[in-house]
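Everything below concerns the one structure shown next.
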Amino acid sequence: MQIHHRQGRLSVAEGDITRFDGDAIVNAANRSLLGGGGVDGAIHRAAGPQLLEACRELRRTIWPDGLPVGQVALTPGFRLPAEYVVHTVGPVYAESEEPRGQLAACYRNALALAADQGFTRLAFPAISTGVYGYPSAEAARVVADVMRERLPQLPALEVTLMFFSAADAETFVQAAS
Ligand code: ADP
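Following full-length UniProt numbering from start to finish, the sequence shown increments by one per residue and tops out at 177.
This is the structure:
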């Protein structure tokens with residue numbers, strides 16, 4: 001993990017989120033919670049099969065119809081260095097009537113869950129900016145606004161925004177400044 005930028009308790013880093021060693025990582029899951037491609041696939045591979053079992057349990061219990069866009073669900077991290085995974089579902093940009101509000105909800109709800117759990121170190125991937133098609137610079141502004149709004153109220157939390165490439169990390173820093 002390489003830190004590109006740090007401001008207060010917010011870091012912008014480049015790297016593989018499955019290697020993040022903190023209280024929790026956020027997963028850009030899909031509604032089924034049963035795994036997918038991109039960062040979701042990488043997290044399931046690194047966490048091992050128990051993660052899928054835990055997600056199936058969520059489907060059997062709290063979320064029989066799947067996890068709605070913007071909501072969050074918690075599982076252990078199993079073989080990951082991170083202790084927990086906060087699953088959330090970002091909007092599909094082209095299909096959403098309110099992508100901004102839905103993307104902001106993912107970040108706000110994950111932050112709130114992390115604070116409730118007493119987590120101090122949390123990492124996010126760039127939710128919705130892969131297969132779900134959210135333009136990176138536009139997503140960056142949403143994320144920066146949520147962090148500016150919420151981090152002052154969550155003084156115990158250190159947040160890392162983990163981008164898969166240097167270019168994505170730089171796009172964030174440029175768009176958010
Ligand atoms: P979505 O379906 O929400 O768009 P994707 O997994 O397709 O989710 O992509 C979200 C972002 O995660 C993309 O910017 C992608 O480059 C990035 N990504 C993919 N794998 C990893 C990883 N192992 N660590 C961090 N970011 C990742």
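For every residue, glycine included, the Cβ atom is placed at its ideal position computed from N, Cα and C.
Can you tell me whether Q102 is buried or exposed, with buried defined as 16 or more other CB within 10 angstroms of its CB? buried
Report yes or no: do the region 11 to 19 and the region 58 to 75 share at least 3 C-beta pairs separated by less than 8 Å? no
Please confirm whether any heavy atom of the ligand ADP lies closer than 8 Å to the CB of I3. no
Whole-Å CB distance - A115 paired with L154, under 8 Å assumed: 5 Å
Smallest Cα separation from S96: which of A112, Y134, P81? Y134
Cβ-based neighbour list, residue 178, same chain, cut-off 6 Å, excluding 5 preceding and 5 following: Because the chain in this structure spans residues 1 to 177, residue 178 falls outside the shown range and cannot be described.
Helix, strand or coil for R79, going by three-state DSSP, please let me know. coil
Excluding the 5 residues flanking V173 on each side, which residues of the same chain have their C-beta closer than 7 Å to its C-beta? H4, H5, V12
With distance defined between alpha-carbon atoms, name the residue in A112, A176, A167 nearest to L157. A112
Among all the DSSP beta bridges, which residues are the ones paired with Y107? The partner list for Y107 (beta bridge, DSSP) is empty, contrary to what the question assumes.
Taking only runs that begin and end inside the region 48 to 101, name each unbroken beta strand (DSSP E) of 3 or more residues, in chain order. 72 to 76, 84 to 89
Within the structure, which residues are defined as neighbours of the ligand ADP by a Cβ-heavy atom distance below 6 Å, reported in chain order? D16, I17, T18, A28, G38, V39, D40, A42, G90, P125, A126, I127, S128, T129, G130, V131, Y132, M162, F164, D168
The alpha helix (DSSP H) spanning E147 covers which residue range? It should be noted that the sequence gives Met, not Glu, for residue 147. Unbroken alpha helix (DSSP H) run through M147: 136 to 150.
When the Cα atoms are used, what is the spatial distance from D145 to R9? 14 Å
Suppose contacts are defined by Cβ-Cβ distances below 9 Å. Is R140 in contact with A175 by that definition? The displayed chain sequence assigns Ala, not Arg, to residue 140. Contact flag set, yes.
Could you have a look at Q7 and say whether DSSP puts it in helix, strand or coil? strand
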